[in-house]
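Anchor point for the sequence shown: position 269 equals 266 in the working numbering, and the numbering is continuous, going up by one each time. C-beta: ideal position from N, C-alpha, C; glycine also. Computed from a predicted structure; not experimentally measured.
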Amino acid sequence: MAVLDLRARVHAQRGELAEADRCWAAVQELSPGDAAAAEGRRTIARITAGRRRMRPLVRPGRAVLAAAAVTAVVLAGGAVVALGAAGRGAGAPASPVRADALAGRVAALEAALETERTALGRERAAVERERAELAAAEERRAAATDRLDAGLAAIAGRLSMPGVTVRRRSQDVYVRFDTGLFPRSADVSPRGRALLRGLGRRMAGMDVRITVVGHALPVPGGRTRGGSVVALGRALVAARHLAEGGGLPRTSFTLVSADQSDDPHRQPPRNRTVTLRITPQG
């Protein structure tokens, strides 16, 4: 806008009113409320209208102009002012701006504008790169989520069998045995052994991480929080039967003891069991 305004003033100084009007019109397109551009265009319109009214008055032996010729256009407070040639009703301009000085200012502003445009282009390119990187990261996250969802659905479907409850969660598949597996201590029941081995066969060939969580009730007079040796022993026995059933290495399993307050059944047989957490690898 500053460059366009200076161009308009230079054209006005040179008497190129049409070009000046076009420049101020461009300023108004960028800033419709620009007062200086509006005043400049109004003044140009008045000057142009005055020129159209100029007609030669023919008398015998001489010709008289009906209006004084406009000889100079100067800038005052951002508006164009017309001065009469004969000087009637108009004082001499205090300090007319030289066209070459204005042209120099225009060139300087154009150079500054080009510098800003270049910097803006670099910033825009950086923003576009960052936007592209964020979009790519979002695509990778969405793809990873889809892979995890598909993997969890496949695990849940494969491990579903009579005697267990399989629940798909956000990050893993939870397996709970419907009955207690251990009548006492870490001695597994025949039905529990069959369930564990059958579930192990379904795990064969699966690329998963398996966490076996042993459960136990607190012993009277013992600790009531923080897990127990009995619970960890049940996890060890369950992992052994799962591994034998599916031909899996013992290193496929992570063994932990649940807190005594963590009861997967909430009813008898209380805590005489293990639960499993299965997560896809990667």
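In this structure, A236 lies near F250, with their beta-carbon atoms less than 7 Å apart. Excluding five sequence positions before and after T208, the CB atoms of its chain that fall closer than 6 Å to its own CB belong to T251 and R274, given in chain order. In the three-state reduction of the DSSP assignment, V185 falls in the coil class, being assigned neither a helical nor a strand state. Fewer than three pairs of CB atoms, one per stretch, sit closer than 8 Å, so the region 129 to 137 makes no contact with the region 157 to 174. Across the set V226, A5, D204 and V253, the C-alpha of A5 shows the shortest separation from the C-alpha of R102.
In the DSSP assignment, the residues bridged to R274 are Y171 and T208. When secondary structure is reduced to three states using DSSP, S225 falls in the coil class, being assigned neither helix nor strand.
As far as DSSP is concerned, L117 takes part in no beta bridge. When only Cα atoms are considered, P29 and E107 end up about 22 Å apart.
In chain order, V163, V170, V172, L196, R199, M200 and I275 place their CB closer than 8 Å to the CB of L156, counting only its own chain and leaving out the 5 sequence neighbours on each side. Assignment of beta-bridge partners to R247 by DSSP yields no partner. In the structure shown, T142 adopts helical secondary structure according to DSSP, grouped into three states. Residue state for L214 is assigned as coil, using DSSP reduced to three classes.
Here DSSP, grouped into helix, strand and coil, assigns L178 to coil. The beta carbon of H212 sits closer than 6 Å to the beta carbons of A228, A255, N268 and T270 from its chain, once the five residues preceding and following it are set aside; these are given in chain order.
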